[in-house]
Every structure is written in C-alpha cells, then in structure tokens.
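A short write-up of the structure that comes next.
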Amino acid sequence: MIDLLGYTFMQRALIAALVTGVAAPVIGTYLVQRRLALLGDGLGHVAVTGVALGLLTGFAPTWTAVVVAILGAIAIEVIRERGSTSGDLALALLFYGGLAGGVLITGLAGQSAAKLQQYLFGSITAISVSDVWFTIGLAALILLLGVGLLPQLFTVAQDQDFARVAGLDVRAYNLLVAVLAAVTVTIAMRTVGLLLVSALMIVPVAASQQLARSFRATLVGAVVVGAGAGVGGLLLAGWISVRHDVSVAPGPTIVLLALACFVATWPIGAWLRHRARLRQPFPEGAVAPLEAADHDDHDHGPACGHLAVPHDDHVDYVHDGHRHARHGQHYDEH
Amino acid sequence: MSAPAPSTGGGSAPVVELRDGAVAIGGRPILRHVDLTVRRGEFLTLLGPNGSGKSTLVRALTGLRPLTQGSLSLFGTPIESFREHHRLGFVPQRASAASGVPASVAEVVASGRLTRRRLLRPAGKADRAAVASALAMVGLADRARDSVATLSGGQQQRVLIARALAGEPELFFLDEPTAGVDLPNQQALADALGALSTTGSTVVLVTHELGPLAPLVDRTVVLRDGRVVYDGAPLQLDDAHGHHHPDPRRTDHHPGVAAPLDRTGEDVDW
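Residue numbers (this note's numbering), protein chains in the order written: chain L, 1186 to 1519; chain X, 23 to 292.
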C-alpha cells in the first residue's frame, strides 16, 4: 500500500479524487433538493459530444466538454423554464442526443472507441499535472459559489415564488446551478467517467440525508462521504489491483463505495424515521376517556419499556394497540 | 385586536394601489378592471369561490404575475421600479414546506432574512434574533432544529409564516395559509397574525375559511370571475360565498370543504 503511494501518478490521482469527491456533492445537494437528481447524468451524456468534438478538432477534450456541457445545461434550464416540455422529457432528449452525437463524432474523427472509453469510464491514474490543476481550479470555483451562495441557492430551490418576492433573481440562480453542475460533470469526468459522473454528485447526498435533519448537515455529510469514497475507492482499487494482479478500475470502485455508504446509512435512517413517527405527540384534545379494563398488573413509568408519547400535558403509554394514561389510581384509555 | 386600524395611517400614501388592473394567463383574461387600495395597518381578506382570481390577484400584487393593463404601486413606488423587497412578506400557497433534501425549521425561516442580508456575508446576530423571535411568534421555538418534513401540515404552514415574519416586513400577503390546517393550528396562526396586526403591519389574506381569523379582519374584498364584486366591512363567510354570489355551477364549494383538484384552480386556464 505504501509502495502504491510512492508513484507520482497515484499522488496526482489521489488529489484529483479528493477534490472531485469534495466538490461534486455540493452541487449534487442542490440538484437533489430541486428533485433534479438525474440532471448530472443528462449533462454527462451531453459532455460525451463535447469530448468527441475535442477529439475531432484537436482541442483539449476537457475544455470542449466544459463548453458543450454548459451549453447543454443552459438548454435544459431554458426548456424547463419555458415549460413547453416537462423536465424529465427534456433530460431524456439530451441524454440520447448527447450520447449518439458523441459516438458518431468520435467515429468521424477516426478515433477508436478505446479513446472515448477513457472519458466514459474515467482514467484517473492517467491524469496529467495540468489536469490536476484544472480540476483543483474548477473545484475551488464550485466550492466558493456553492457554499458562499448557500442561503440564496437554498431559498431558490426551496420555494421559487417566495424567492422571487424576496427580490432574488431566480432565473440567474437556476442557471448558475445548472452551469455549476456542468462544470462538476467535466471535472468528475476524469475521476469516475462520464457515465458514472452523476453518481458522485447524487449518491453521497442520498447517504447523508438518511441521517441529517438540516440542509447544512446534509451538505457537510455528503462532502465527507464524497471525499471518503473518492480517496477510499481509489486506494481500494489500487490495492486490489496490486494484490491480486487484476485490473480494477478506480471509477466504479469509488461509486460502489459511495453506494455502500448509502446501504449502510439507509437502515439507520429508516429506523430513525420510524422511531420519530411513533414518538410524535398525539393530536391535542381527546374524546372522553374510558377507564382501561384490567390494568392492575402493571404500573407505567419512564422505565417500564412501553412507548411513551406526549399528549397535551401528559404522556400516553402505548401497548397492545391501546393508549393508556394515568388518571388518579387507575389508567384511562385515551 | 379588531380595532379599526387606519388611524395609524394618518393620510400617508396607500401601501398598495392598484388601478384598473388586468391579468391574463396564457392570453386568457383572468382579472379585469380591478381597483384596490390598501392603507397602512389594514387587515384585508380576499374572498371568493375557486377560480375567482384571488390567488392571481395576490400574485399580481407581489409582482409574480405581470399586469397586462393598469398600474400598481407599492409604498408609492411603481412595481416596475420597486426594490424594497424587505418591506414585503409573502406566504405562498403551498401544501408543504419540505423539499428533496432535509431542511431544519430554522433554516427555512432563516431564508426569510435574505431580503435584509448582503451577498456572501454570514448571518449576523440580528438575523439569528429575528429568526428566533419569528419562531416564537408562531409558537414553534422548540422545533427550530427539527427537520421541517417531520412537522404536521399545520405546523409547516406556521413555519412558512415565520419565514415571512423573519424579514420584519410591513406588508404581508398570505395565500390560503389555513387551507387544510386543523383548528388548534389555525388558532396559533390567528394569534401570530393578531400580534402582527397590532404592531401596525398591513395584512392581505386570501382565504376560504376565516375560522379563528374572523375577529382580526377589518375589510373584506370579494372577487368573482376576476372582478371585484364587494369591497367593504367584513362579511359573514356565508354572505361572500352564498347569498350575495350564488354559483350554481360549482356546488362543491363550501367553506371548509373543497375538492382536492379544485385547489389548483387559479392557475388553470379555463
């Protein structure tokens, strides 16, 4: 393992994985909040066309991918805002158009599918120094805007009408999120590949929101999961590859590790939600209480083990489908 | 609490002044020839059957719907050049305050402070104090750290009102805040709005069912088919919806009872 860290390509890859893992979930949180979890996927597919254009024209594919993904993001926002097509249909159109265009143009450029595959599935261990700087720069931009404008972006995603009356430029903020999503897609492209790009934005958020009660906690948790999965997945892939002399791709390993975080947190989240529902206070007021029959064998109390639910100014104890509350020397059914 | 409020105005400019306003949605006229002047400190309710244009009128007054005709000024400034957003508080018609990601009650309420915060600056002491007092006003101070999604529908409505309160506005627009809210929560809402009204704030309230809000109202405007058909002293709800303006086509409309599909009424173009 230590040997592995000695390679400069591995060091570069680790920096890229960490930075991407930190930046991608920030934008992912806003996308999930706006119920646009698949937007990243659509943009990833559009970026395929961008990469192909780079291969065709000889420009750096990273730059052409950024430009085309941003154009795609603006197109989606405009289509959504005009309301002429539903959001998911607009996404589907971009999905297919982007992927088909990319494969077609790669063929036109006389490039083999293997070249395109680098971008489709990531090639983090082949990342160059300038690519690392490019990734760090864009990630810093995403963090600055995504965290700095948190109150505004949160409000706009939460309630557009309210945001408009509060004087926020809703269209500009929506465009900003879409453009930042496009930028995220292109920086994550080298790490996990365009086909899995959205996973790094969305899966950490899904894992984090199982346990979080607030937006900020969700965002911070998602960043922690994203960074952990990025670095951990890369190291794990490297370790397995060396140890067993097989080739394990880092991209899918990172995504599967993030998914494992979700699988680990989901049951806890489901249990917490179930528990909170049971403990929710009963509605105020009650029908005339009845005296509970044969209740002389048990005395309810804080330590009796029965579920205690607040009800008005007292506590109802829940057992066997009854709600029992102490009334003088006996218990009432509430 | 229902004391006549205009004494605070004392000849000042009207807070809301709509002249010959018209709104069309998708080319179809919804509001026509609406004149509405609201003075400082008034507590005004907009009543009318579903589809009569109440929500559209409130959305026009807040600038969400452009007027196709007529003129609107808020605090004496034409809406086109109105920039003092911190003077407005808006409670949109929403069933829930939750979204795709968990958000705490305090976070949702804090977004009401945005009208008074500068870009890229952290929230200050005054912001936190305003959020706390807004939550206290609607009786949810103890729920500030809870996720909004775990609150009941009525409590979520109170959160949305606290959000509007947090910006410390002078003029409130509330679009059906009591829809689907149980009586104790309606009472909590009424207490908050009553306290607000006594501080001299102006309130414009769209509602189906006044319930515990009735004693607060000092003026009622009734819309029907996009026109103002009554403007004056408070009415019994039966008057607004029954006696004065019988609507033989829509028999499902009773105060407090509405078909769920009717709720979308205002934005549907029929």
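Backbone N, C-alpha and C fix where the C-beta goes; we use that ideal spot for every residue, glycine too.
Asked                                                                                                                        : Found
Whole runs of the alpha helix (DSSP H) within the stretch 79 to 133 of chain X, excluding any shorter than 4 residues        : 127 to 132
For L:V1521, the residue or residues it bridges with in DSSP                                                                 : Missing from the structure shown is residue 1521 of chain L; chain L here goes from 1186 to 1519 and no further.
Closest residue to L:V1368 among L:G1506, L:F1319, L:G1418 (Cα-Cα distance)                                                  : L:F1319
Residues of the stretch 155 to 169 of chain X whose Cβ lies closer than 9 Å to any Cβ of chain L, in chain order             : R167, D168, S169
Within 9 Å, strictly: CB atoms of X:P234 and X:A217                                                                          : no
Beta carbon of L:V1364 nearer than 9 Å to that of L:A1209                                                                    : no
Bridge partners - X:D197, DSSP secondary structure assignment                                                                : X:V228
Own chain partners of X:R81 with C-beta closer than 7 Å, once the 5 adjacent residues on each side are dropped               : R87
CB contact below 9 Å: X:A212 versus chain L                                                                                  : no
Cutoff 7 Å; reference L:V1433; Cβ partners in own chain excluding five residues on either side                               : A1422, I1425, S1426
Closer than 9 Å to chain X by CB, L:T1450                                                                                    : no
Three-state secondary structure assigned by DSSP to L:R1462                                                                  : helix
Member of X:R135, X:K147, X:T221, X:T172 whose CA lies at the smallest distance from the CA of X:A184                        : X:R135
Reduced DSSP category for X:E39 - H, G, I as helix; E, B as strand; rest coil                                                : strand
Contiguous alpha helix (DSSP H) assignments of at least 4 residues, all confined to the stretch 1299 to 1381 of chain L      : 1314 to 1333, 1335 to 1343, 1345 to 1350, 1355 to 1377
Spatial distance of X:R150 from L:P1336 (CA atoms)                                                                           : 14 Å
Within 9 Å, strictly: CB atoms of L:I1255 and L:A1275                                                                        : no
Cα-Cα separation, L:I1387 to L:L1293                                                                                         : 33 Å
Test item: CB-CB of L:V1211 and L:A1412 under 9 Å                                                                            : no
Simplified DSSP assignment, three categories, for L:F1177                                                                    : This structure does not reach residue 1177 of chain L, given that chain L is present from 1186 up to 1519, and the question cannot be answered.
Test: X:A148 CB closer than 9 Å to a CB of chain L                                                                           : no
Rounded C-alpha distance that separates X:F195 from X:K147                                                                   : 27 Å
Collapsed DSSP secondary structure at X:T59 in the structure displayed                                                       : strand
Assigned exposure category for X:F112 - 16 Cβ within 10 Å defines buried                                                     : buried
Which residues DSSP lists as bridging X:L69, in chain order                                                                  : X:V244
Alpha-carbon spacing of X:T242 relative to L:L1457, whole angstroms                                                          : 47 Å
CB contact below 9 Å: L:A1351 versus chain X                                                                                 : yes
CB of L:I1309 within 9 Å of CB of L:R1375, strictly                                                                          : yes
Contact under 9 Å by Cβ, X:V203 with X:L215                                                                                  : no
L:W1451 versus X:F65: straight-line alpha-carbon distance, rounded                                                           : 48 Å
Chain-order list of residues whose beta-carbon lies under 6 Å from that of X:H276 (same chain, five-residue window excluded) : Model confidence at X:H276 stands at a pLDDT of 45, short of 50, so the residue's coordinates are unreliable and nothing is read from them.
Same chain, Cβ closer than 8 Å to L:H1507, neighbours up to 5 away in sequence not counted                                   : A1477, E1518
Limits of the alpha helix (DSSP H) - the one that L:P1210 falls within                                                       : 1193 to 1218
Partners in chain L for X:R139, counting only beta-carbon separations shorter than 8 Å                                       : P1336
Listed by chain order, chain L residues near X:L187 by CB distance under 7 Å                                                 : None at all; the shortest Cβ gap to chain L is about 13 Å.
From X:A120, X:D240, X:L141, residue whose alpha carbon lies closest to that of L:V1217                                      : X:A120
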